Structures are given as structure tokens and as C-alpha cells.
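J.:
Numbering (our numbering), first residue to last: 115 to 565.
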């Protein structure tokens with residue numbers, strides 16, 4: 115008979131419940147002989163010819179917040195400087211997204227698989243694992259000698275490492291992870307393959323610590339050669355045209371593509387000639403086209419439209435494209451007022467003043483006033499007045515012009531030329547005359563006529 119007060123004598127021991135059958139392990143396919151790194155999900159194949167050798171790069175799609183630290187172009191630079199005889203048959207590079215349990219139980223920067231099965235072909239391959247920059251790596255303080263040396267190597271790579279009484283915390287950052295994988299891990303795994311080729315069947319009998327020591331020596335030697343020849347370090351190579359051509363997702367490689375976008379955009383906004391503007395616009399367009407549409411936000415479309423709006427060439431065609439981009443921006447975020455402002459500018463330029471006025475008045479004018487130089491707000495008030503005046507509401511238009519005039523009387527040096535006001539009013543109009551008496555406009559281009 116069951117006794118409800120009898121204590122289970124197995125509690126606290128290895129025999130408690132199903133504890134032994136519930137150990138966390140990396141899952142494997144029961145009817146497959148594949149090693150877990152060989153189980154790829156969604157991937158893209160890219161082929162490159164390096165030093166006359168055909169290489170296969172396999173890029174697996176990453177999970178949110180995970181990125182491949184090295185681009186294919188980065189890897190090409192290193193592989194181009196490695197002796198062909200050292201690489202031998204090692205012509206496959208896998209950029210892989212690790213599974214969650216693999217990260218817990220078998221975390222690595224990269225690994226070499228001597229017989230990697232990919233699409234029913236077995237070949238040696240180097241695997242570089244995607245990393246998340248949102249989490250830290252935790253190492254216990256009781257490290258063995260090899261782990262202590264690796265910790266020093268990570269410090270040398272520039273990783274931020276914090277320590278307390280119990281553990282070391284390593285905080286991955288894009289540039290530091292790239293340095294580790296590109297300048298050390300890749301060369302380290304090639305070093306393993308060099309020793310594997312040199313020793314043949316005896317390789318499996320070499321102690322693990324000796325194999326690791328050989329790979330580290332090879333990586334250090336190659337790294338020194340590349341540094342002395344000024345091949346490394348080098349800035350990250352992101353070829354957006356190649357990403358698009360190879361059907362790769364920019365989001366798999368870049369954490370915050372906007373840094374690249376802003377860099378090109380800032381260059382466009384500086385005084386440059388027409389040919390440079392076209393090059394910069396094309397560069398930005400390549401970046402934006404490489405990003406899946408659902409990932410583009412209102413600002414992306416605004417910048418895209420802005421580049422077309424201020425480009426030189428066939429104005430109607432450029433304005434049409436700019437208008438489409440501003441409209442797409444407002445579909446994504448109806449409250450993005452800069453897109454609404456420039457959409458109104460496009461309509462204004464096309465002389466569709468009714469529609470332009472509607473869009474001008476929907477701009478968040480208080481936000482424009484707070485977040486941008488005052489001239490933008492004053493110019494908007496002037497443009498609203500212009501639309502009213504030209505649409506047959508002169509009294510309302512003049513009220514806006516009076517407001518603009520007051521700004522010019524007080525902060526004249528911070529404002530833009532009131533071209534709409536000056537082109538709209540007759541030269542004997544009191545507002546026109548008053549404006550021409552202000553310092554900046556006392557010249558022949560803005561000469562008032564007596565009333």
C-alpha cells in the first residue's frame with residue numbers, strides 16, 4: 115500500500131526521477147551520420163576564384179541579433195596571401211549560424227572539419243560561426259594553461275574582458291570578433307590542415323595540445339608575415355553590389371547598416387560635382403536595394419528620395435522617383451514629417467499647389483522648429499503663405515508673409531533667402547519694401563519700387 119508520508123530515498127541522488135535520461139546534449143538526426151555542424155538550414159552558395167583555385171563559400175542565414183563578422187571579401191584578402199600548397203584541397207569556407215544548444219555546449223569562433231559532408235560531397239572545410247553582440251561570454255576563473263593563453267590572445271585582439279571573484283566576462287564587439295576570426299581563427303584552422311597534410315596517418319596519434327601548439331605557431335607566423343607586408347589589419351570590406359549579385363542578405367553581415375548609409379549620405383550633402391553625386395547616389399541605392407523591403411524604415415526611404423531630389427539631371431524624372439520614395443516613407447510611418455515636407459516640395463515644384471499646401475500643413479511644425487535650424491521652420495511658413503497667395507487667398511497668404519517678415523527683422527543672419535515671398539509679391543507691396551530695407555537684401559536683386 116502507498117504511504118503518502120514516506121520520503122523518496124532517491125531524492126538528491128543520480129537516480130532521482132529521469133535525471134540521467136534528461137541530460138542536455140546537442141541533438142543529432144537518428145537516421146543520419148552527419149556531424150552537427152553539417153546540418154545547415156537556409157544557406158546561399160558563392161563561388162570565388164582565388165590564386166587560380168575555385169573556392170566555395172557557404173553562407174547560412176543568421177538569427178536575429180546574430181551576424182557574420184567576416185565578409186567574403188575579407189576572407190578573400192587573407193586566402194590570397196596563403197600559399198596554395200598550404201591550402202591543398204581546403205577550398206570550402208562555411209559561414210554558419212550555430213544552434214542554441216551548440217553555443218552552450220560547444221562554443222567556438224571557428225573549427226576545421228577534415229571530412230565535411232555538403233550536398234553529398236565530402237571535403238575539408240573551415241567553419242566560422244556567426245556571433246551575437248548582445249550577450250557576453252562567461253569563463254570560469256579556474257582556467258587550465260591553454261585557456262589562460264587563449265584569454266590573453268583575446269585581450270590582444272582588443273576584446274573587453276571584465277573579471278570578478280568567480281568568472282571572466284568577455285563582451286564581443288563587431289570589430290574585435292572580426293579580428294579574432296579573420297586574423298587568428300582562419301589562419302589557425304589552416305595551420306591544423308597544414309599539419310594534417312604533412313603527417314598523414316600519424317596525425318591522429320599526435321596529442322591534442324601539440325596539434326594546437328602547431329596551429330598557433332602557424333597562425334602567429336602568417337600573421338607576422340601579413341603585418342610586415344602591411345596586408346593586415348585592414349578595414350572591413352563590404353561590397354554591396356556583390357551582396358546583391360550573390361543573393362546575400364546585408365542583415366546577415368552588418369549590425370546597423372545605417373553607419374554605411376550615413377557616411378555616403380554625408381558625403382553627398384557636401385559640395386561635390388555632378389559625377390561625384392551620381393557615384394554617391396548609386397552607392398547608397400546599392401545599399402538600400404540589398405536590404406529586403408520589410409526591413410527598410412521611413413528614414414531609409416526618406417534618404418533615398420532626398421538623394422534623387424537633389425541630384426542633377428533630368429529634373430522631372432528625378433523628382434518622380436524622389437516623390438515615390440517620400441510616399442513609401444509615409445506608408446511606413448505617416449508621422450515622419452521630413453518625408454512629408456519633401457513630398458510637399460515635389461508637389462510645389464510640379465505646381466500642384468492644392469496638394470502641396472495640404473502636405474505642408476500636415477508637417478509637424480513644432481517638431482521641425484525644435485529639431486532643425488530655425489530657417490527650415492520660417493521657410494515652411496513662407497511656402498504655406500505662397501500657396502495660399504497663389505491659390506487666390508491673398509489675405510491669408512500675406513498673414514504668413516507678415517510672420518516671416520518679423521523673423522527676418524530679428525534673426526536675419528540665420529535665415530534663407532525668401533525666394534517664394536519675393537517672387538510672389540509685387541515690388542511695391544509694403545511687405546516687399548520692408549524686406550528690402552533689411553541688411554541682407556539691400557542690393558539690386560531685391561530692389562523695391564515705390565508704391
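Even for Gly, the Cβ is constructed at its ideal location relative to N, Cα and C. In this text the structure is predicted, and so the values were computed from the model without any measurement.
#1: Check residue 432 in the structure and name its three-state DSSP category.
#2: Consult DSSP for residue 197 and reduce its assignment to one of helix, strand or coil.
#3: Tell me the DSSP secondary structure of residue 339 in three-state form.
#4: Alpha carbons only, please: which of 530, 178, 352 and 444 is nearest the one belonging to residue 489?
#5: Excluding the five sequence neighbours on either side, which residues of its own chain have a C-beta within less than 6 Å of the C-beta of residue 558, listed in chain order?
#6: Can you give the Cα-Cα distance for residue 535 and residue 506, rounded to whole angstroms?
#7: What residue ranges within the segment 412-459 form continuous alpha helix (DSSP H) runs of no fewer than 4 residues, ordered along the chain?
#8: Three-state secondary structure (DSSP) at residue 538?
#9: My parser needs the beta strand (DSSP E) runs of 3 or more residues fully inside the segment 225-312; what are they?
#10: Where do the ends of the beta strand (DSSP E) carrying residue 174 lie?
#11: Distance, Cα to Cα, residue 167 vs residue 205?
#12: Over what stretch of residues does the beta strand (DSSP E) that includes residue 164 continue unbroken?
#13: With DSSP collapsed to three states, give me the class of residue 358.
#14: Run through the DSSP bridge pairs and tell me what residue 206 is partnered with.
#15: Could you tell me whether the Cβ atoms of residue 152 and residue 175 are closer together than 8 Å?
#16: Alpha carbon to alpha carbon, how far is residue 266 from residue 225? Give it in angstroms, no decimals.
#17: Three Cβ pairs or more, each shorter than 8 Å: is that satisfied between the segment 403-412 and the segment 207-223?
#18: Closest to residue 454 by CA distance: which of 415, 425, 431 and 429 is it?
#19: If I measure Cβ to Cβ from residue 515 and keep anything under 6 Å in the same chain, skipping five residues before and after, which residues do I get?
#20: Look at residue 417 and residue 379 and say whether their C-beta atoms are less than 8 Å apart.
#21: Once the 5 residues before and after residue 229 are set aside, which same chain residues still bring their CB inside 8 Å of it?
#22: With distances taken Cα to Cα, identify the nearest neighbour of residue 240 among 276, 252, 295 and 275.
#23: Across which residues does DSSP place residue 180 in a beta bridge pair?
#24: Could you check if residue 123 is buried or exposed, using at least 16 other CB atoms within 10 Å of its CB as the buried criterion?
#25: Only counting the same chain, and skipping five residues up and downstream in sequence, which positions put a Cβ closer than 7 Å to that of residue 184?
#26: Round the Cβ separation of residue 470 and residue 461 to the nearest angstrom and send it over; I've been treating them as touching at under 8 Å.
#27: For the alpha helix (DSSP H) containing residue 546, list its first residue and its last residue.
T.: Per the coordinate set shown:
#1: DSSP, reduced to helix, strand and coil, places residue 432 within a helical segment of the structure shown.
#2: DSSP places residue 197 outside both helix and strand once states are collapsed to three, so it counts as coil.
#3: Residue state, collapsed to three classes: helix.
#4: When each option's Cα is compared against that of residue 489, the closest is 530.
#5: Because residue 558 carries a pLDDT of 46, less than 50, the predicted location of this residue cannot be relied on, and the following value inherits that uncertainty. Nothing meets the Cβ criterion.
#6: So the alpha carbons of these two residues sit roughly 15 Å apart.
#7: The segment 412-459 contains these whole alpha helix (DSSP H) runs: 412-423 and 429-446.
#8: If DSSP states are grouped into helix, strand and coil, residue 538 belongs with the helices.
#9: For the segment 225-312, whole beta strand (DSSP E) runs of length 3 or above, ordered along the chain, are 235-243, 251-254, 274-277 and 281-285.
#10: For residue 174, the uninterrupted beta strand (DSSP E) segment begins and ends at 167-174.
#11: Going by the C-alpha atoms only, they are around 8 Å apart.
#12: Per DSSP, residue 164 belongs to the beta strand (DSSP E) from 157-164.
#13: Looking at residue 358 - three-state DSSP - the assignment turns out to be helix.
#14: In the DSSP output, where bridge partners are listed per residue, residue 206 has 170.
#15: Their beta carbons are not under 8 Å apart, which means residue 152 does not touch residue 175 by this criterion.
#16: When rounded, the distance between both Cα atoms is 20 Å.
#17: Segments in contact, no.
#18: Of the residues 415, 425, 431 and 429, the one whose Cα lies closest to the Cα of residue 454 is 415.
#19: So the qualifying residues of the chain are 499, 535 and 545.
#20: Yes, Cβ-Cβ distance for residue 417 and residue 379 is below 8 Å.
#21: Excluding sequence positions up to five before and after residue 229, its CB lies within less than 8 Å of the CB of 236, 237 and 238, all in the same chain and listed in chain order.
#22: Put simply, of 276, 252, 295 and 275 the residue whose alpha carbon is nearest the alpha carbon of residue 240 is 295.
#23: Beta-bridge pairing links residue 180 to 246.
#24: Exposed, because fewer than 16 other Cβ atoms sit within 10 Å of the Cβ of residue 123.
#25: Non-local beta-carbon contacts of residue 184 in its own chain, meaning distances under 7 Å to residues more than five positions away in sequence, involve 242, 292, 295 and 296 in chain order.
#26: Between residue 461 and residue 470 the Cβ distance is about 4 Å, and since that is below 8 Å, they are a contact.
#27: Per DSSP, residue 546 belongs to the alpha helix (DSSP H) from 544-550.
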